[in-house]
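Sequential numbering from 195 applies to the sequence shown in my numbering.
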Amino acid sequence: MTKPVTRRHLVATLAAPAVLAVLVGCAATGGSVVSAEDDQAALLTRTKAYWALIQKNDRVGAWAYEALSKDPAATLEGYLKRGGITFDAVEVRGVRSIEGDRAIVTVWMRYSLPLLRVKKLEAVLEDEWRRIDGAWHHVQRPSVMFPTAQ
């Protein structure tokens, strides 16, 4: 003999998966739903701000945009030692990809290496970014001169 389904049992059975789905969705997005367009716009905004600071040679300001700044073993002093390049022009050309908390942004630049007396080189960089604590941060490429985080 089957027992009759009560309204309370029916609601609990139907509502539990819906509530669970909402909670999992909130946990995965930090409590808010962000569209792909908003995510890309936030990434481009931070990328442009970062490269504007780098072009102005404001490395202290740029430090806040670096993933290294979130590493307790890294220091601002060590980061500042990585200089040696001046940027004459920088253009953020767009987001190539966003996969979870990692992204690649295409950046064109014209730069000089004053210590080597090399001027006006051009390059297109596939610039890596990582989302940390809900904000996008620039990922420093390993340096031959400074192979470990400073």
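Every residue, glycine too, gets a C-beta built ideally from N, C-alpha and C.
query = Count the other CB atoms within 10 Å of the CB of R325; is the residue buried (16 or more) or exposed (fewer)?
reply = R325 should be labelled buried.
query = Measuring CB to CB, does W257 end up less than 7 Å from L270?
reply = In this structure, L270 lies closer than 7 Å to W257 by Cβ.
ask   = Looking only at its own chain, which residues have a Cβ that is under 7 Å from the Cβ of L238, when we skip the five neighbours before and after it?
value = The residues are V286 and V289.
inquiry  = Applying the 10 Å Cβ sphere with the 16-neighbour rule, what's the burial state of A230?
reply    = It counts as exposed.
ask   = Nearest to Q334 by CA position, among Q234, D252, A261 and Q249, is which residue?
value = Distances from the CA of Q334 to each of Q234, D252, A261 and Q249 were compared; the closest alpha carbon is that of A261.
inquiry  = Along the chain, where does the beta strand (DSSP E) containing L319 start, and where does it finish?
reply    = Going by DSSP, L319 is part of the beta strand (DSSP E) stretching over V312 to I326.
ask   = For S229, does the three-state DSSP call read helix, strand or coil?
value = In this structure, S229 counts as coil in the three-state DSSP scheme.
inquiry  = Our contact map puts R304 next to D282 with C-beta atoms below 8 Å; I'd like the distance itself, whole angstroms only.
reply    = Yes, they are in contact, since the Cβ atoms of R304 and D282 sit about 5 Å apart, within 8 Å.
query = Is the beta carbon of S291 less than 7 Å from the beta carbon of I298?
reply = Against a cut-off of 7 Å, the Cβ pair of I298 and S291 comes out as a contact.
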